[in-house]
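**Student:** This is the structure I want to talk about, given as structure tokens.
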Amino acid sequence: MRILVTGATGYIGGRLVPHLLDAGHQVRCLARSPNKLSLHPWRRQVDVMAGDVLDAPSLKEATSGCDVAFYLVHSAASGKDFANLDRVGAANFRLAAEDSGLRRIVYLGALGAEDGQHSEFTHSRHEVGRILATGMVPVTEVRVGPVIGSGSVSFEMVRALTEVSPLVLAPRWARNRCQPVGIRDVIDVLLATLDETTGDRRVVELGGPETLTHVDMMRIYAEEAGLRRRRTVPVPMMAARLSSLWVGLVTPIPRRVARPLIDDLRSGLVPTPTENLLAGPTPYRVALRRALSRLPGGVITRWSDAESHPPAPATPDRTWRGETVYMDRQVVPTDTDVPHLFWAFSRIGGSVGYYGLDWAWRIRGLLDQMVGGVGLRRGRRHPNVLRVGEVVDCWRVEEVDPGVRLRLRGELRIPGEAWLEWETRDTEFGADLIQTAWFRPRGWRGRIYWYGMLLAHRLVFPRMARRIAAAAEERGYSTR
Numbered sequence: 001m002r003i004l005v006t007g008a009t010g011y012i013g014g015r016l017v018p019h020l021l022d023a024g025h026q027v028r029c030l031a032r033s034p035n036k037l038s039l040h041p042w043r044r045q046v047d048v049m050a051g052d053v054l055d056a057p058s059l060k061e062a063t064s065g066c067d068v069a070f071y072l073v074h075s076a077a078s079g080k081d082f083a084n085l086d087r088v089g090a091a092n093f094r095l096a097a098e099d100s101g102l103r104r105i106v107y108l109g110a111l112g113a114e115d116g117q118h119s120e121f122t123h124s125r126h127e128v129g130r131i132l133a134t135g136m137v138p139v140t141e142v143r144v145g146p147v148i149g150s151g152s153v154s155f156e157m158v159r160a161l162t163e164v165s166p167l168v169l170a171p172r173w174a175r176n177r178c179q180p181v182g183i184r185d186v187i188d189v190l191l192a193t194l195d196e197t198t199g200d201r202r203v204v205e206l207g208g209p210e211t212l213t214h215v216d217m218m219r220i221y222a223e224e225a226g227l228r229r230r231r232t233v234p235v236p237m238m239a240a241r242l243s244s245l246w247v248g249l250v251t252p253i254p255r256r257v258a259r260p261l262i263d264d265l266r267s268g269l270v271p272t273p274t275e276n277l278l279a280g281p282t283p284y285r286v287a288l289r290r291a292l293s294r295l296p297g298g299v300i301t302r303w304s305d306a307e308s309h310p311p312a313p314a315t316p317d318r319t320w321r322g323e324t325v326y327m328d329r330q331v332v333p334t335d336t337d338v339p340h341l342f343w344a345f346s347r348i349g350g351s352v353g354y355y356g357l358d359w360a361w362r363i364r365g366l367l368d369q370m371v372g373g374v375g376l377r378r379g380r381r382h383p384n385v386l387r388v389g390e391v392v393d394c395w396r397v398e399e400v401d402p403g404v405r406l407r408l409r410g411e412l413r414i415p416g417e418a419w420l421e422w423e424t425r426d427t428e429f430g431a432d433l434i435q436t437a438w439f440r441p442r443g444w445r446g447r448i449y450w451y452g453m454l455l456a457h458r459l460v461f462p463r464m465a466r467r468i469a470a471a472a473e474e475r476g477y478s479t480r
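The numbering of the sequence shown is my numbering, which starts it at 1 and goes up by one.
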């Protein structure tokens, strides 16, 4: 078939595309930022189009000539107006699907009864399914609860909460039942929907074979990860808001992402009995073992791959429009080769850190978490390899040109936009490392922030550049 995948830059979409290709289908990916797909191993096998479900004209071209479309997008990270954005996107896509003569839309929704007391996010996901189904194109809606796989938000939350302390705090929501499902099962069911021929709307609720509480999930994780047995401490008065603050502080999951998960767990996430689309659903322990076996360097996609809407503005050096831009540039000559320099700065963040004064970076990250930001806890998907659009601690990769350039865009809660970039330049005796930090302030608060951080920057940035150069030279000497 000719298949359109929206959300190919996200966690599920990035895993679904290679399976569609392996099955012999022709795949077209719709992405707001097509360059985010540039370093995927399957990039040259797919047709990539720039577009957005909020931009109706781009959808007409994207759906043209396709048989089936996977609708895997949402606007939950966009702020308080996310539900309205999702309505507009679903309505636009429904009309484009009708005009293009699509045979089916496969929509990935959220588990929960229609009349249940769920979070605003889940109610919005259900509403999107209803809007898509009001058109002439048949819709298969696959509703899933907690997805367990390397890099999934549910797995990362369980992992972080279990590893942070030998005591497991158990608010009431953590003792409600759910049926976690393995990522492989989700992909298998999405693939199975391609064989459907019914012309009606169909809702499939997908859960794993076991009914567990979140406390059970953490206990089993501790056993599978070889940790000491965790003691459960009931916390009857811990509200969802306080719980999300706690999760945002001690895990890589920001509170705005954790809140809808917790809200839904408060009412339980157990699917209603439906026909079984899986020959043998994956037990929770098996899904955990598979996820753990991918760590730390084998994670294919992560929950943090998805990005808020709209995309960030272009960097100041690429699109100059007259704004105030502050800059710190460090140029360090080396006697090593370009590949060694690129290796050194492409390892930034994660377990490697920031080449000195890591304690200062950790304090800055903690301060950001205290005001609801992402901090430094998200880490990175792979210790050495970076792709456009993925996360490195408090940064997001905006450009990767292997052997030449790496640019990161900051996602800390600051009054402005920040970037860090490293470039290489061949010289007669080796190569230069060029490190540049940009800051585009937002109003007077942004200007105060830059000058308030000036001393810290004078300490951090030169040291970082020198140590990156030294690491590259050391690697160069060891390979000679």
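Quick reminder that beta carbons are idealized off the backbone N, C-alpha and C, glycines included.
The structure presented is a predicted model; accordingly, all values stated were derived computationally and were not measured.
If we ignore side chains and look at the alpha-carbon of each, how far apart do R103 and E398 end up?
**Tutor:** The sequence position of residue 103 within the sequence shown is 103, counting from 1. The sequence position of residue 398 within the sequence shown is 398, counting from 1. In a straight line, the C-alpha of R103 is about 36 Å away from that of E398.
**Student:** Alpha carbons only, please: which of A96, E210, G112, L269 is nearest the one belonging to W173?
**Tutor:** Numbered from its first residue, the sequence shown carries residue 173 at position 173. The option with the nearest alpha carbon to W173 is L269.
**Student:** Identify whether E205 lies in helix, strand or coil by the three-state DSSP scheme.
**Tutor:** The residue given as residue 205 occupies position 205 in the sequence shown. The answer is strand: DSSP assigns E205 an E or B state.
**Student:** To the nearest angstrom, report how far apart G13 and E141 are at their CA atoms.
**Tutor:** Counted from its first residue, the sequence shown places residue 13 at position 13. Counted from its first residue, the sequence shown places residue 141 at position 141. Looking at the two C-alpha atoms, the distance is approximately 15 Å.
**Student:** Using a threshold of 8 Å, state whether the C-beta atoms of L433 and V332 are closer than that.
**Tutor:** If you number the sequence shown from 1, residue 433 lands on position 433. If you number the sequence shown from 1, residue 332 lands on position 332. Cβ distance < 8 Å, so L433 and V332 count as in contact.
**Student:** Mind reading off the beta-carbon distance from R463 to G356? Whole number of angstroms is fine, and I expect it under 8 Å.
**Tutor:** Counted from its first residue, the sequence shown places residue 463 at position 463. Counted from its first residue, the sequence shown places residue 356 at position 356. Confirmed, about 5 Å.
**Student:** Any contact between the segment 333-346 and the segment 414-430? By contact I mean 3 or more CB pairs, one from each, below 8 Å.
**Tutor:** Flag = yes, the segment 333-346 and the segment 414-430 touch.
**Student:** Is it the case that the Cβ atoms of M157 and A90 are separated by a distance below 8 Å?
**Tutor:** As a first step, residue 157 must be located in the sequence shown, where it is residue number 157. As a first step, residue 90 must be located in the sequence shown, where it is residue number 90. No, the Cβ-Cβ distance between M157 and A90 is not below 8 Å.
**Student:** Assuming G135 contacts Q179 (C-beta within less than 8 Å), just tell me the rounded distance between them.
**Tutor:** Numbered from 1 along the sequence shown, position 135 holds the residue referred to as residue 135. Numbered from 1 along the sequence shown, position 179 holds the residue referred to as residue 179. Actually they are not in contact, since the Cβ atoms of G135 and Q179 sit about 31 Å apart, beyond 8 Å.
**Student:** Determine, using beta carbons only, whether S150 and A291 come nearer to each other than 8 Å.
**Tutor:** Taking the first residue of the sequence shown as position 1, residue 150 is located at position 150. Taking the first residue of the sequence shown as position 1, residue 291 is located at position 291. In contact: S150 and A291 (Cβ atoms closer than 8 Å).
**Student:** Could you tell me the distance, in whole angstroms, from the CA atom of V137 to the CA atom of V460?
**Tutor:** In the sequence shown, residue 137 corresponds to position 137, counting from 1. In the sequence shown, residue 460 corresponds to position 460, counting from 1. One C-alpha to the other measures close to 56 Å.
**Student:** Where does the unbroken beta strand (DSSP E) through T6 begin, and where does it stop?
**Tutor:** As a first step, residue 6 must be located in the sequence shown, where it is residue number 6. Where T6 is concerned, the enclosing beta strand (DSSP E) stretches over 2-6.
**Student:** Would you decide whether Q369 is buried or exposed? Buried here means 16 or more other CB atoms lie within 10 Å of its CB.
**Tutor:** For this step, residue 369 is matched to residue 369 along the sequence shown. Q369 is buried by the Cβ-count criterion.
**Student:** Looking at C-alpha atoms only, which residue of P57, T63, R219, A56 is the closest neighbour of Q26?
**Tutor:** Counting from one through the sequence shown, the residue named residue 26 turns up at place 26. Minimum Cα distance to Q26 is reached at T63.
**Student:** Determine the extent of the alpha helix (DSSP H) in which A31 is found, giving its start and end residues.
**Tutor:** As a first step, residue 31 must be located in the sequence shown, where it is residue number 31. Careful: A31 lies outside any alpha helix (DSSP H), inside the beta strand (DSSP E) at 26-31.
**Student:** With E61 as the anchor, note down where its beta strand (DSSP E) starts and where it stops.
**Tutor:** Here the question's residue 61 lines up with position 61 in the sequence shown. E61 -> not in any beta strand (DSSP E); alpha helix (DSSP H) instead, spanning 56-63.
**Student:** Kindly indicate which residue of A69, M1, D55, A23 has the alpha-carbon position closest to the one of C29.
**Tutor:** As a working mapping, residue 29 is identified with position 29 in the sequence shown. Considering only alpha carbons, the answer is A69.
**Student:** Pull up the distance between the alpha-carbon of V5 and that of Y71, whole angstroms please.
**Tutor:** One-based indexing of the sequence shown puts residue 5 at position 5. One-based indexing of the sequence shown puts residue 71 at position 71. Rounded to whole angstroms, V5 to Y71 spans 7 Å at the Cα level.
**Student:** Keeping to the same chain, check which residues put their C-beta closer than 7 Å to that of T282; ignore five residues upstream and five downstream.
**Tutor:** If you number the sequence shown from 1, residue 282 lands on position 282. So the qualifying residues of the chain are G182, R184, D185, G208.
**Student:** Could you name the residues of the same chain whose beta carbon sits closer than 7 Å to that of A221, not counting the 5 residues immediately before and after it, in chain order?
**Tutor:** Position 221 of the sequence shown holds residue 221. Correcting the residue type first, residue 221 is Tyr in the shown sequence and not Ala. So the list reads V158, R159, T162, L288, once near-sequence residues are dropped.
**Student:** Consult DSSP for M217 and reduce its assignment to one of helix, strand or coil.
**Tutor:** What you label residue 217 is simply residue 217 of the sequence shown in a count that begins at 1. Residue state, collapsed to three classes: helix.
**Student:** Rounded to whole angstroms, what is the Cα-Cα separation between R175 and V164?
**Tutor:** By 1-based counting over the sequence shown, the position of residue 175 is 175. By 1-based counting over the sequence shown, the position of residue 164 is 164. Rounded to whole angstroms, R175 to V164 spans 19 Å at the Cα level.
**Student:** Would you call the CB atoms of V203 and R125 closer than 8 Å?
**Tutor:** Here residue 203 refers to the residue found at position 203 when the sequence shown is read from its first residue. Here residue 125 refers to the residue found at position 125 when the sequence shown is read from its first residue. No.
**Student:** Inspect the beta-carbon positions of G379 and D358 and report whether they are closer than 8 Å.
**Tutor:** One-based indexing of the sequence shown puts residue 379 at position 379. One-based indexing of the sequence shown puts residue 358 at position 358. The answer is no: Cβ separation not under 8 Å.
**Student:** Give me, in chain order, the residues of the same chain whose beta-carbon lies closer than 6 Å to that of R409; leave out the 5 immediate sequence neighbours on both sides.
**Tutor:** Mapped onto the sequence shown, residue 409 falls at position 409. Taken in chain order, the residues that qualify are A312, R396, E398, W419.
**Student:** Please go through the same chain and pick out, in chain order, the residues whose beta-carbon is closer than 6 Å to the beta-carbon of S38, but skip the five residues on each side of it.
**Tutor:** On the sequence shown, residue 38 is found 38 positions in, with the first residue counted as 1. Closer than 6 Å at the Cβ level, and outside the excluded window around S38, lie V388.
**Student:** Checking 8 Å against the spacing of the C-beta atoms, do H214 and L245 come in under that value?
**Tutor:** Translated into positions along the sequence shown, residue 214 becomes position 214. Translated into positions along the sequence shown, residue 245 becomes position 245. Their beta carbons are not under 8 Å apart, which means H214 does not touch L245 by this criterion.
**Student:** Measure the C-alpha to C-alpha separation of A344 and P402 and round it to an integer number of angstroms.
**Tutor:** Within the sequence shown, numbered from 1, the residue matching residue 344 stands at position 344. Within the sequence shown, numbered from 1, the residue matching residue 402 stands at position 402. Answer to the nearest angstrom: the Cα atoms are 12 Å apart.
**Student:** Nearest-angstrom Cα distance between R230 and M217?
**Tutor:** Here residue 230 refers to the residue found at position 230 of the sequence shown. Here residue 217 refers to the residue found at position 217 of the sequence shown. Approximately 11 Å between the Cα atoms of the pair.
**Student:** When the distance is taken between beta carbons, is P171 closer than 8 Å to V235?
**Tutor:** Within the sequence shown, numbered from 1, the residue matching residue 235 stands at position 235. Within the sequence shown, numbered from 1, the residue matching residue 171 stands at position 171. Against a cut-off of 8 Å, the Cβ pair of P171 and V235 comes out as a contact.
**Student:** Is DSSP giving W42 helix, strand or coil here?
**Tutor:** Sequence index remark: in the sequence shown, residue 42 carries index 42 (1-based). It is coil, neither helix nor strand.
**Student:** What are the boundary residues of the alpha helix (DSSP H) that E98 is part of?
**Tutor:** Residue numbering aside, residue 98 sits at position 98 when the sequence shown is read from its first letter. Element bounds for E98: 82-100.
**Student:** For the candidate residues V391, G372, R228, whose alpha-carbon lies nearest to that of S243?
**Tutor:** Indexing the sequence shown from 1 puts residue 243 at position 243. Checked all of V391, G372, R228; the closest Cα to S243 is G372.
**Student:** What are the complete beta strand (DSSP E) segments, minimum 3 residues, inside the segment 386-453?
**Tutor:** Runs of the beta strand (DSSP E) inside the segment 386-453: 395-401, 405-410, 416-426, 431-441.
**Student:** Pop quiz: V106 and G7 are said to be a contact at Cβ under 8 Å. What is the actual Cβ separation, rounded to whole angstroms?
**Tutor:** As a working mapping, residue 106 is identified with position 106 in the sequence shown. As a working mapping, residue 7 is identified with position 7 in the sequence shown. About 11 Å; that fails the 8 Å criterion.
**Student:** Could you check the C-alpha separation between T319 and L194 for me, to the nearest Å?
**Tutor:** On the sequence shown, position 319 is the one that residue 319 refers to. On the sequence shown, position 194 is the one that residue 194 refers to. Only weak support is given to the placement of T319: the predicted model assigns it a pLDDT of 41, under 50, and the value that follows is read from those uncertain coordinates. One C-alpha to the other measures close to 43 Å.
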